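Asker: Below: one structure in structure tokens.
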Amino acid sequence: MEKGARHRNNAEKNHPGGSELEASQETGSTGGGVALKKEIGLVSACGIIVGNIIGSGIFVSPKGVLENAGSVGLALIVWIVTGLITAVGALCYAELGVTIPKSGGDYSYVKDIFGGLAGFLRLWIAVLVIYPTNQAVIALTFSNYVLQPLFPTCFPPESGLRLLAAICLLLLTWVNCASVRWATRVQDIFTAGKLLALALIIIMGVVQICKGEYFWLEPKNAFENFQEPDIGLIALAFLQGSFAYGGWNFLNYVTEELVDPYKNLPRAIFISIPLVTFVYVFANVAYVTAMSPQELLASNAVAVTFGEKLLGVMAWIMPISVALSTFGGVNGSLFTSSRLFFAGAREGHLPSVLAMIHVKRCTPIPALLFTCISTLLMLVTSDMYTLINYVGFINYLFYGVTIAGQIVLRWKKPDIPRPIKINLLFPIIYLLFWAFLLIFSLWSEPVVCGTGLAIMLTGVPVYFLGVYWQHKPKCFNNFIESLTLVSQKMCVAVYPEMDAGSRTEETNEDTEEQRQPIYQPTASKDKEQPQP
Numbered sequence: 001m002e003k004g005a006r007h008r009n010n011a012e013k014n015h016p017g018g019s020e021l022e023a024s025q026e027t028g029s030t031g032g033g034v035a036l037k038k039e040i041g042l043v044s045a046c047g048i049i050v051g052n053i054i055g056s057g058i059f060v061s062p063k064g065v066l067e068n069a070g071s072v073g074l075a076l077i078v079w080i081v082t083g084l085i086t087a088v089g090a091l092c093y094a095e096l097g098v099t100i101p102k103s104g105g106d107y108s109y110v111k112d113i114f115g116g117l118a119g120f121l122r123l124w125i126a127v128l129v130i131y132p133t134n135q136a137v138i139a140l141t142f143s144n145y146v147l148q149p150l151f152p153t154c155f156p157p158e159s160g161l162r163l164l165a166a167i168c169l170l171l172l173t174w175v176n177c178a179s180v181r182w183a184t185r186v187q188d189i190f191t192a193g194k195l196l197a198l199a200l201i202i203i204m205g206v207v208q209i210c211k212g213e214y215f216w217l218e219p220k221n222a223f224e225n226f227q228e229p230d231i232g233l234i235a236l237a238f239l240q241g242s243f244a245y246g247g248w249n250f251l252n253y254v255t256e257e258l259v260d261p262y263k264n265l266p267r268a269i270f271i272s273i274p275l276v277t278f279v280y281v282f283a284n285v286a287y288v289t290a291m292s293p294q295e296l297l298a299s300n301a302v303a304v305t306f307g308e309k310l311l312g313v314m315a316w317i318m319p320i321s322v323a324l325s326t327f328g329g330v331n332g333s334l335f336t337s338s339r340l341f342f343a344g345a346r347e348g349h350l351p352s353v354l355a356m357i358h359v360k361r362c363t364p365i366p367a368l369l370f371t372c373i374s375t376l377l378m379l380v381t382s383d384m385y386t387l388i389n390y391v392g393f394i395n396y397l398f399y400g401v402t403i404a405g406q407i408v409l410r411w412k413k414p415d416i417p418r419p420i421k422i423n424l425l426f427p428i429i430y431l432l433f434w435a436f437l438l439i440f441s442l443w444s445e446p447v448v449c450g451t452g453l454a455i456m457l458t459g460v461p462v463y464f465l466g467v468y469w470q471h472k473p474k475c476f477n478n479f480i481e482s483l484t485l486v487s488q489k490m491c492v493a494v495y496p497e498m499d500a501g502s503r504t505e506e507t508n509e510d511t512e513e514q515r516q517p518i519y520q521p522t523a524s525k526d527k528e529q530p531q532p
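If you're matching positions, the sequence shown starts at 1 in UniProt numbering and goes up one per residue.
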């Protein structure tokens with residue numbers, strides 16, 4: 001065990017952005033050991049991005065932007081600008097993704113650049129709240145739209161909603177455990193389904209415009225304010241729009257499973273973000289051809305109301321579209337979040353059993369089961385919507401921290417290989433926009449943002465007790481070792497022989513320590529080298 005700790009120490013002395021970053025550019029043979037397989041091609045990569053961005057929001061409640069913008073015209077501008085800013089952020093992540101080609105996305109980048117504590121806090125808030133609550137809410141939305149037709153005169157029973165949501169989660173967890181290929185095929189199919197549904201909405205909007213139904217798109221009407229303009233509300237409109245594009249960075253969580261990531265990561269981003277921006281803008285254009293701003297704001301399910309107005313007896317298509325969209329959203333979130341937890345365990349920031357993969361299927365079954373169980377626990381709580389409000393600010397905060405890390409890495413390690421190297425103007429533009437949103441978020445909702453920060457900071461003592469403190473009692477280590485061995489046997493899982501991508505001396509040493517079946521810290525960097 002001490003040998004493993006020394007291996008970890010040697011590897012982490014080279015961070016941040018040191019020889020591990022440089023060595024990560026070198027590729028080698030994968031050998032004969034068990035490892036994550038490269039099974040995600042360009043189409044599936046696009047499906048992951050598009051499928052995770054487009055959830056139920058554009059069908060159910062795109063009114064958040066309109067409500068804060070105060071006019072149809074400004075709302076459409078917000079959708080366009082946030083799409084462009086998202087594209088800029090995605091370009092920054094594309095450079096980071098091929099410079100640090102590791103699964104884990106912004107967690108891995110923040111950890112490598114700013115040190116273990118910063119990376120752990122990103123992981124902590126994701127494990128504790130973000131992914132379990134988001135997945136629970138999406139699954140509940142799915143069950144609501146499936147059951148609502150069976151209860152036309154009332155709301156479906158709460159117990160029925162939660163039971164069907166749990167079945168949805170269990171089914172998709174099984175699919176993800178069984179095969180990466182199955183999971184990506186499910187994602188591709190349901191992403192295509194939601195795009196077809198949105199294409200139907202857009203086509204219907206075009207038909208409406210051809211009929212002359214474009215009153216709210218005429219400039220004099222589009223910019224007619226239905227509330228007093230306010231810079232704080234406009235900032236909230238941009239924040240709502242940015243949240244609607246959430247998921248644009250999820251492909252970076254599975255970099256090691258991408259076929260030819262140096263080409264397919266940027267290609268998938270260049271295809272997916274413009275596609276989503278186009279769909280979002282024109283879906284909102286279509287909505288206002290059939291509904292006034294007041295009707296849109298009053299609707300609890302905008303796409304359903306839109307379908308009732310224009311589709312007649314075929315209005316049932318819209319609820320089904322929402323259900324299909326949310327089903328695919330749960331699948332995509334399970335797929336990517338499990339890779340984040342896998343990456344965190346591999347770095348010693350989560351129990352080591354989560355860094356194991358199935359001996360034959362090569363899927364991270366322990367991480368998938370952990371994701372599923374944490375989401376099921378959220379289903380039985382009543383405060384998950386409140387938690388989402390609190391930590392949404394923190395999630396967005398780490399986007400900016402990650403992109404700031406790109407500038408730091410350029411300064412500290414200007415000569416490391418960068419297959420993609422964008423102009424520094426792009427991260428600066430993103431950070432200026434990001435700072436604008438965060439300042440007005442703090443000003444508009446200080447209690448919510450402060451609570452989110454407090455939840456995040458609960459991870460600090462956990463980090464020092466669970467990760468930084470290396471000399472834990474022997475009885476504790478023995479207990480964790482026994483628990484890990486039992487879990488390993490139940491999941492028929494082993495530690496990967498190596499990453500699916502690169503192989504270096506440092507990462508081989510690092511893996512040796514990970515083979516120790518305990519919650520082993522990765523704190524040597526934090527002890528021996530001051531963080532930048």
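C-beta: ideal position from N, C-alpha, C; glycine also. Computed from a predicted structure; not experimentally measured.
Which residues in the same chain have their Cβ closer than 7 Å to the Cβ of F433, if we skip the five residues on either side of it in sequence?
Answerer: To locate residue 433, count along the sequence shown from 1; it is residue 433. These residues qualify, in order along the chain: I85.
Asker: Name the one or two DSSP bridge partners that L258 has.
Answerer: Counted from its first residue, the sequence shown places residue 258 at position 258. Partner(s): I40.
Asker: Check G32 in the structure and name its three-state DSSP category.
Answerer: Residue 32 sits at position 32 when you count from the first residue of the sequence shown. Residue placement at G32 is poorly supported in this model, since its pLDDT is 42, which falls under 50; the coordinates still yield a value, given next. G32 falls in the coil class under three-state DSSP.
Asker: With respect to 7 Å, is the separation between the Cβ of A454 and the closest non-hydrogen atom of the ligand GTP below this value?
Answerer: Here there are no bound small molecules, and the ligand GTP is not part of this structure.
Asker: By how many angstroms is the C-alpha of K102 removed from the C-alpha of K37?
Answerer: For the purposes of this step, residue 37 is identified with residue 37 of the sequence shown, where counting begins at 1. For the purposes of this step, residue 102 is identified with residue 102 of the sequence shown, where counting begins at 1. Cα to Cα, K37 sits roughly 14 Å from K102.
Asker: Return the Cβ separation of G57 and A244 in integer angstroms, given the expectation that the two are a contact with Cβ distance under 8 Å.
Answerer: On the sequence shown, residue 57 is found 57 positions in, with the first residue counted as 1. On the sequence shown, residue 244 is found 244 positions in, with the first residue counted as 1. Rounded, the Cβ-Cβ distance is 5 Å, consistent with contact.
Asker: Kindly indicate the opening and closing residues of the alpha helix (DSSP H) around K194.
Answerer: Walking along the sequence shown from the start, residue 194 turns up at place 194. Segment V180 to C210, the alpha helix (DSSP H) holding K194.
Asker: Over what stretch of residues does the alpha helix (DSSP H) that includes Q148 continue unbroken?
Answerer: Numbered from its first residue, the sequence shown carries residue 148 at position 148. That residue, Q148, is in no alpha helix (DSSP H); it is neither H nor E in DSSP.
Asker: Would you say A454 faces chain C, with C-beta separation under 8 Å as the test?
Answerer: Of the protein chains in this structure there is only one, and it is not chain C.
Asker: Keeping to the same chain, check which residues put their C-beta closer than 6 Å to that of T402; ignore five residues upstream and five downstream.
Answerer: Residue numbering aside, residue 402 sits at position 402 when the sequence shown is read from its first letter. Excluding five sequence positions before and after T402, the CB atoms of its chain that fall closer than 6 Å to its own CB belong to D106, Y109 and V110, given in chain order.
Asker: For the stretch 58–68 against the stretch 209–220, are there 3 or more C-beta pairs whose distance is under 8 Å?
Answerer: No contact exists between the stretch 58–68 and the stretch 209–220.
Asker: Among V467, L453, E497 and Y399, which residue has its Cα nearest to the Cα of V88?
Answerer: As a first step, residue 88 must be located in the sequence shown, where it is residue number 88. Nearest C-alpha to V88: Y399.
Asker: Please confirm whether P496 and I407 have their CB atoms less than 8 Å apart.
Answerer: The residue labelled residue 496 in the question sits at position 496 within the sequence shown. The residue labelled residue 407 in the question sits at position 407 within the sequence shown. No, the Cβ-Cβ distance between P496 and I407 is not below 8 Å.
Asker: On the three-pair Cβ rule with 8 Å, is the stretch 117–131 touching the stretch 333–342?
Answerer: yes
Asker: Among all the DSSP beta bridges, which residues are the ones paired with A493?
Answerer: For the purposes of this step, residue 493 is identified with residue 493 of the sequence shown, where counting begins at 1. Per DSSP, H358.
Asker: Mind the definition here: the stretch 344–358 touches the stretch 153–169 only if three or more C-beta pairs lie below 8 Å; say whether that holds.
Answerer: no
Asker: Using 8 Å as the Cβ pair cut-off and three pairs as the minimum, do the stretch 70–79 and the stretch 224–233 touch?
Answerer: yes
Asker: For the alpha helix (DSSP H) holding N331, just list the boundary residues, first then last.
Answerer: As a first step, residue 331 must be located in the sequence shown, where it is residue number 331. Its alpha helix (DSSP H) spans residues I317 to R346.
Asker: For a test of the three-state rule: what should DSSP assign to W469, helix, strand or coil?
Answerer: By one-based count along the sequence shown, residue 469 stands at place 469. Here W469 sits in coil by DSSP.
Asker: How would you call D415, buried or exposed, if buried means at least 16 neighbouring beta carbons within 10 angstroms?
Answerer: Sequence index remark: in the sequence shown, residue 415 carries index 415 (1-based). Result: exposed.
Asker: Work out the CA separation of I80 and F270 for me, nearest whole Å.
Answerer: Here residue 270 refers to the residue found at position 270 of the sequence shown. Here residue 80 refers to the residue found at position 80 of the sequence shown. Taking the straight line joining both Cα atoms gives about 16 Å.
Asker: Below 8 Å, how does it come out for the stretch 260–274 and the stretch 458–467: are there three or more Cβ pairs, yes or no?
Answerer: no
Asker: Rounded to a whole number of angstroms, what is the C-alpha to C-alpha distance between P419 and T99?
Answerer: Along the sequence shown, read from residue 1 onward, the residue named residue 419 stands at position 419. Along the sequence shown, read from residue 1 onward, the residue named residue 99 stands at position 99. The alpha-carbon atoms of P419 and T99 are separated by roughly 7 Å.
Asker: With 16 as the cutoff for other CB atoms within 10 Å, does P473 come out buried or exposed?
Answerer: Taking the sequence shown and counting its residues from 1, one reaches residue 473 at position 473. Classification for P473: exposed.
Asker: Report the three-state DSSP secondary structure of I226 (helix, strand or coil).
Answerer: Reading the sequence shown from its first residue, position 226 is the one you call residue 226. The identity of residue 226 in the sequence shown is Phe, whereas the question assumes Ile. If DSSP states are grouped into helix, strand and coil, F226 belongs with coil.
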